[in-house]
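Chains as they are written, first to last, in this note's numbering: chain A, 294 to 525; chain B, 7 to 316.
Just so you know, even glycine gets a beta-carbon here, dropped at the ideal spot from N, CA and C.
Since this is a predicted model, take the numbers as computed values, not measurements.
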């Protein structure tokens, strides 16, 4: 424990210059502020701590797309009712989407004070997997053709920098989970969640000739995201 | 900077109630008065030992889901069948092979969430969807959902399946009493029992706590050229997934006081994608009673934490 008082002048007492200076120095130290030695252990309760002083949790459950009718769904590429196959989801079709990383969701985390930022993204996916073998890609092999992988690539970016990336679901209907963490400087953080679907192969049918509709290539739904920032 | 200047009272000094009250007021009146505030505290004044027991995570618990171990033998798996009658939808709570319900039981010490708290939950379960024959195929009467037509290499068209039949697992909780008799779906989650014309199912935008389990894998094994295919009944590959782990994650940011007594996982199927032709053309998952299958599961875990949101 720090001693605040070295010399206490009493009435009618003779005071020396050093005695005054020492006391004055102690008072200055006191007025500058209380330090950690002057606080006892277990003195800070939850009510004394400013909200967000140690951490902050952002939840997007489900991810808001701006319309209640599509909450939690990717709406970056949505086939129109006119062209969508009536027996499938409205989502990505080969006619609207080729391949490549596409932003499903993006937000800015305000009030991030610098430190660890964890993001957990869970969702469900539908994926066209029938065309997993394509002939024209390699016609000289026996048997002809080659495997054409089908999967949903997933990745999380902080401020446009990839934090984590994975090969995602490869079943026609599946769920997925991707978690990333990184140290991030203080300031608002842009969190971007992206997907990438394989393009159609040269042999793949992309239209339901019976219904005259575009076939579903893929869709993401039931997406929920939790971000946890820790800085103390 | 607030600055309190008042002569200290030493042992043996004479003081009065007024003086004591004035001193007390110095320290208790609200800012911008001369009360102690952040300006009276030096940089780096507080360290971990100064904090009382006020952790970020307030509660945590983990429980068994399904059976007790991973062995895929009699007595360690539970099997269910799909819905075949829309008037009698089959849903199933995850339980042991002996029909003992397994869930996250908080009834003995319920968790009281207040505004700003966050309830986070995770679960996993080893599952194995099963089927007999080719329930996705045309030729079955009535016809299952998911079939579409593509040109055949020798003329005509062939019907092939999108293979998107699925089971769904979703969360229910009891926030009413420790009796655990009032289970309801968690917020933004459908129970897949809504009516859409002659069909039943749920909106895709109400699947905030849903995990999907593919019913089967069906894919091309034959020759196709420029969008034309061979007879899929001869060149169609399919397989069961076998046992694999399906998982779920859900979070709930409390905006008021909620007491959680328990959370459980429900299972139902078999459903298939669709969408409404009118209104906002919402995407749907609808029961397909013409596609019959089963699902077996062994073991898993369910866990949750109750944490401060900030």
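Nonlocal neighbours in the same chain, by C-beta distance under 6 Å from residue i, ignoring five residues either side
i	result
residue 497 of chain A	424
residue 15 of chain B	21
residue 107 of chain B	99, 101
residue 422 of chain A	443, 465
residue 169 of chain B	224
residue 205 of chain B	292
residue 167 of chain B	142, 152, 153, 224
residue 478 of chain A	407
Same chain, Cβ closer than 7 Å to residue i, five either side skipped, listed in chain order
i	result
residue 471 of chain A	414, 447, 449, 457, 459
residue 341 of chain A	none
residue 103 of chain B	73, 81, 82, 83, 84
residue 245 of chain B	223
Alpha carbon of residue i to alpha carbon of residue j, nearest angstrom
i	j	result
residue 393 of chain A	residue 494 of chain A	15 Å
residue 127 of chain B	residue 309 of chain B	6 Å
residue 297 of chain B	residue 222 of chain B	11 Å
residue 486 of chain A	residue 353 of chain A	12 Å
residue 502 of chain A	residue 455 of chain A	40 Å
residue 521 of chain A	residue 63 of chain B	12 Å
residue 133 of chain B	residue 72 of chain B	10 Å
residue 23 of chain B	residue 29 of chain B	10 Å
residue 412 of chain A	residue 214 of chain B	17 Å
residue 312 of chain A	residue 49 of chain B	29 Å
residue 141 of chain B	residue 295 of chain B	10 Å
residue 123 of chain B	residue 247 of chain B	39 Å
residue 509 of chain A	residue 386 of chain A	5 Å
residue 69 of chain B	residue 517 of chain A	23 Å
residue 469 of chain A	residue 357 of chain A	19 Å
residue 129 of chain B	residue 157 of chain B	44 Å
residue 355 of chain A	residue 400 of chain A	14 Å
residue 83 of chain B	residue 505 of chain A	44 Å
residue 1 of chain B	residue 499 of chain A	Residue numbering for chain B in the displayed model covers 7 to 316; residue 1 of chain B lies beyond these limits and cannot be assessed.
residue 265 of chain B	residue 91 of chain B	36 Å
residue 338 of chain A	residue 77 of chain B	48 Å
residue 348 of chain A	residue 55 of chain B	18 Å
residue 513 of chain A	residue 47 of chain B	51 Å
residue 282 of chain B	residue 288 of chain B	5 Å
residue 374 of chain A	residue 511 of chain A	16 Å
residue 61 of chain B	residue 195 of chain B	30 Å
residue 304 of chain B	residue 75 of chain B	7 Å
residue 202 of chain B	residue 208 of chain B	9 Å
residue 488 of chain A	residue 364 of chain A	17 Å
residue 317 of chain A	residue 310 of chain A	10 Å
For residue i, the nearest candidate out of the options (CA to CA)
i	options	result
residue 480 of chain A	A/491, A/308, A/409	A/409
residue 318 of chain B	B/252, B/88, B/194	The structure shown does not extend to residue 318 of chain B, since chain B is modelled only from 7 to 316, so the question has no answer here.
residue 257 of chain B	A/367, A/416, A/334, A/374	A/416
residue 383 of chain A	A/517, A/368, A/453	A/368
residue 476 of chain A	A/525, A/517, A/351, A/343	A/525
residue 269 of chain B	B/231, B/177, B/12	B/177
residue 181 of chain B	B/261, B/117, B/253, B/168	B/117
residue 112 of chain B	B/65, B/85, B/206, B/80	B/65
residue 230 of chain B	A/426, A/377, A/373	A/426
residue 143 of chain B	B/254, B/307, B/237	B/237
residue 312 of chain B	B/212, B/79, B/125	B/125
residue 153 of chain B	B/280, B/58, B/97, B/251	B/280
residue 53 of chain B	A/343, A/345, A/334	A/334
residue 350 of chain A	B/59, B/305, B/260	B/260
residue 371 of chain A	B/314, B/304, B/286	B/286
residue 263 of chain B	B/86, B/79, B/119, B/97	B/119
residue 398 of chain A	A/359, A/407, A/420	A/359
Bridge-paired residues (DSSP) for residue i
i	result
residue 445 of chain A	A/490
residue 343 of chain A	Per DSSP, none; premise fails for residue 343 of chain A.
residue 291 of chain B	B/208, B/279
residue 253 of chain B	B/130
residue 476 of chain A	A/409
residue 202 of chain B	B/205
residue 65 of chain B	B/312
Sequence-distant residues of the same chain with beta carbon closer than 8 Å to residue i, five excluded per side
i	result
residue 403 of chain A	481
residue 294 of chain A	With a pLDDT of only 38 at residue 294 of chain A, under the threshold of 50, the placement of this residue in the model should not be trusted; the figure read from the coordinates follows. Result list for residue 294 of chain A: 330, 331, in chain order.
residue 317 of chain B	Shown here, chain B extends from 7 to 316; a query on residue 317 of chain B therefore has no answer.
residue 316 of chain B	122
residue 376 of chain A	386, 388, 506, 507
residue 95 of chain B	89, 198, 199, 206, 274, 293
Distance cut-off 8 Å: residue i Cβ against heavy atoms of the ligand FMN
i	result
residue 359 of chain A	Inclusion of the ligand FMN in the displayed structure is not the case, the ligand content being empty and no account of it being possible.
Original post:
Which runs of the beta strand (DSSP E), 3 residues or longer, sit entirely within the stretch 80–119 of chain B?
Top reply: 84–87, 97–99, 117–119
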